[in-house]
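S.K.: Residue numbers (my numbering): 620 to 901.
Here's a structure for you.
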């Protein structure tokens, strides 16, 4: 509710909706239409927007199921998802904010779902994950979209899991071992520690120091598979994550029985939006 209220305030900073004053407050209905194919996601945010606007109710169609893939159902035709009822000024006040959140959340879910399906088609055992490359102020929506699409969120914020990237290591004098030990001293037994590694040697040092997860960053597919196999032979219980420049087009080349996670910043940075509209019934 706090996030949604901030969205609405951003759209109406002076607390006066000129267009809303013009149309008045008679009770009217507006229909939500899905105009392009994709995975439906973001219903909780859509509902929260109109709840914040006040005096609005939403009746969802039977097919409007969170996570449903409309890729084949759409076939170029619009799909009615819901009817929103309330004072017309309230409907129009929440319209764009509600559509923006659903459009972007569905976009993340759609791209994530495509990647998850590719992994299943290749019988890969691991997890497709996002990263922390999210839109400021919109992280919750994008992380939620990952889940709806079947992907993993990775850590939600800086308080979840310790991630030691190259900057952290350099700030600790360039020693991975020192950085991991300092991190363990702060986090104790209750949090995992992940270390970003640029080589097999760095990954082995990180695991020896006590890292729970090693990220093999910016490896070529062939080098990743070779080094991940060597690493897992020595540290089978340490999670191996592949990341860095991986996209939906290239991810299949990184599948390996020795890789547990493939993360992609593109899932929350390069997604296309799903098109929705909200139209007053007339």
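Using N, Cα and C, we set each Cβ at its ideal position, and we do this for glycine too.
Thinking just about the alpha-carbon of each residue, which of 874, 901, 892 is nearest to the one in residue 743?
M.R.: 874
S.K.: Please classify residue 837: does DSSP put it in a helix, a strand, or coil?
M.R.: It is coil, neither helix nor strand.
S.K.: Where do the ends of the beta strand (DSSP E) carrying residue 704 lie?
M.R.: 698-706
S.K.: Which whole-angstrom value is the C-beta distance of residue 654 and residue 896, which I expect to be below 8 Å?
M.R.: 6 Å
S.K.: Between which two residues does the alpha helix (DSSP H) containing residue 669 stretch?
M.R.: 662-672
S.K.: Any idea what DSSP makes of residue 857, helix, strand or coil?
M.R.: Correct three-state label for residue 857: coil.
S.K.: Take the Cβ of residue 661 as the centre, count every other Cβ of all protein chains shown within 10 Å, and call the residue buried at 16 or more, exposed below.
M.R.: Under the 10 Å beta carbon count, residue 661 is surrounded by 16 or more other beta carbons and is classified as buried.
S.K.: Assuming residue 814 and residue 790 are in contact, meaning their beta carbons sit under 8 Å apart, how far apart are those beta carbons, in whole angstroms?
M.R.: Their Cβ separation, rounded to whole angstroms, is 14 Å, which puts residue 814 and residue 790 out of contact at 8 Å.
S.K.: Within 10 Å of its beta-carbon, does residue 838 have 16 or more other beta-carbons around it, so buried, or fewer, so exposed?
M.R.: buried
S.K.: Closest to residue 626 by C-alpha separation, out of 819, 716, 797, 872, would be which residue?
M.R.: 716
S.K.: So what does DSSP say about residue 775, is it helix, strand or coil?
M.R.: coil
S.K.: Excluding the five sequence neighbours on either side, which residues of its own chain have a C-beta within less than 6 Å of the C-beta of residue 679, listed in chain order?
M.R.: 701
S.K.: Quick one, are the C-beta atoms of residue 799 and residue 828 less than 7 Å apart?
M.R.: yes
S.K.: Contact defined as beta carbons within less than 8 Å: I believe residue 763 pairs with residue 734. What is the distance between those atoms, to the nearest angstrom?
M.R.: So it is not a contact: roughly 16 Å between Cβ atoms.
S.K.: I need the DSSP call for residue 788, collapsed to helix, strand or coil.
M.R.: helix
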